[in-house]
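Shown next, in structure tokens, is the structure this report addresses.
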Amino acid sequence: MENTIKYVQLYLYNNVAVSEECLCVGVLFHNLTTGERTFNGIKNFKRLRAFNDDIDVSFMKAYLAGLKAQVETEMFYLNTSFVIENFIKSFVGELKFYKITTCKTEDENFIENTTKVLLKHDFARNERLSEEDELKVIKNLIKSTGNTYSLKTLKGTYNDDIKFDFITGKYCVKIFDFKDRETLKRQLASARNWSYIADELNVEGKYEAVFLYTEPNDRNSQEFNSLLGILSQNTKNVMELEKGISFLIQTNGIEKIV
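Dropping the structure here:
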């Protein structure tokens, strides 16, 4: 059975007045077909403290648990129907929901799989999706919003083959998983190569490179900052995985985010 599901990410901003730096701390889902509502908040509070060492972790645990109860408990909506657009309006300041994405899907595990992509760091490595399955979920998200993607091979300046993870609209997408410091060191050469390819796309003018990444545990390491600098040299489209998915859906044409 096809279900229409809306979802939206909840972000914690480090300093909303002066910074765009933020961390995804939960995802709210509303299945319009069945009426089911689900809020999945983070459980990896070490990552939360690493993001902001002044955060009151006990408060955040209680806050996210309360939000889950409010969303999922029917007694809160005895006299009114749940409307996700109305629900998120009151969230301003350091905790804000992003833009709503609407998907049509027959995947029975849509909520579980989407959560494992958008809250990837919340799962132990043996619980995460494989790289192949993760890519499959991302492509299905693109497709379920009414957009399209292709796996075609491009030709470089010297007639060499260039294979991105997928292409959607004018965006050629390559995904990086920066697992740890050793992975970061090994990927420096690869990052330089992909940055060069991004420059080739700029010259040709038909496509733009989009580099999506999963942050390492140490987001302040020199290696990570070097990689971001290299990847950003020839494209402005370098972003964390969950933000990148929303970016691709939002900018791909059809009004899928409201």
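First residue of the sequence shown: 6, per this note's numbering; consecutive thereafter. Cβ coordinates follow ideal geometry from the N, Cα and C atoms, glycine included.
{"Item": "Contact belief for THR162 with ALA203 at Cβ below 8 Å, rounded distance in angstroms", "Value": "Wrong, their Cβ atoms sit about 13 Å apart, outside the cutoff."}
{"Item": "Continuous alpha helix (DSSP H) assignments of at least 4 residues falling wholly in the segment 109-165", "Value": "115-123, 136-149"}
{"Item": "Length-filtered (4 minimum) alpha helix (DSSP H) runs lying within the segment 44-115", "Value": "50-56, 62-77, 89-92"}
{"Item": "Contact the segment 188-198 vs the segment 145-162: 3+ CB pairs below 8 Å", "Value": "no"}
{"Item": "Backbone CA spacing between THR158 and PHE171 [nearest angstrom]", "Value": "9 Å"}
{"Item": "Contact check, ASN242 vs GLU213, beta carbons under 8 Å", "Value": "yes"}
{"Item": "Selection from LEU124, THR39, PHE34, GLY98 that minimises the alpha carbon distance to LYS248", "Value": "LEU124"}
{"Item": "Validate contact between the segment 69-84 and the segment 45-55 using beta carbons, cut 8 Å, 3 pairs", "Value": "yes"}
{"Item": "Reduced DSSP category for GLY40 - H, G, I as helix; E, B as strand; rest coil", "Value": "coil"}
{"Item": "CB contact flag (LEU100, LEU15, <8 Å)", "Value": "yes"}
{"Item": "Cβ pair count under 8 Å reaching 3, the segment 178-193 against the segment 214-223", "Value": "yes"}
{"Item": "Check whether THR78 and LEU37 have beta carbons under 8 Å apart", "Value": "no"}
{"Item": "DSSP state of ASN239 mapped onto helix, strand, coil", "Value": "coil"}
{"Item": "Minimum C-alpha distance to ASN19 - residue among ALA55, LYS66, VAL13, HIS35", "Value": "ALA55"}
{"Item": "Within 8 Å, strictly: CB atoms of LYS11 and ILE93", "Value": "no"}
{"Item": "Closest Cα partner of VAL122 within the set TYR154, THR173, ASN145", "Value": "ASN145"}
{"Item": "Whole-angstrom distance between GLU26 and ASP58, CA atom to CA atom", "Value": "14 Å"}
{"Item": "Those runs of the beta strand (DSSP E) which lie wholly inside the segment 175-225 and span at least 3 residues", "Value": "176-182, 213-219"}
{"Item": "Proximity below 8 Å, CB of PHE229 to CB of LEU189", "Value": "yes"}
{"Item": "CA-to-CA distance, GLY151 to LEU253, given in whole angstroms", "Value": "12 Å"}
{"Item": "Where the beta strand (DSSP E) containing PHE171 begins and where it ends", "Value": "171-173"}
{"Item": "Proximity of SER237 and TYR103 at Cβ, strictly below 8 Å", "Value": "no"}
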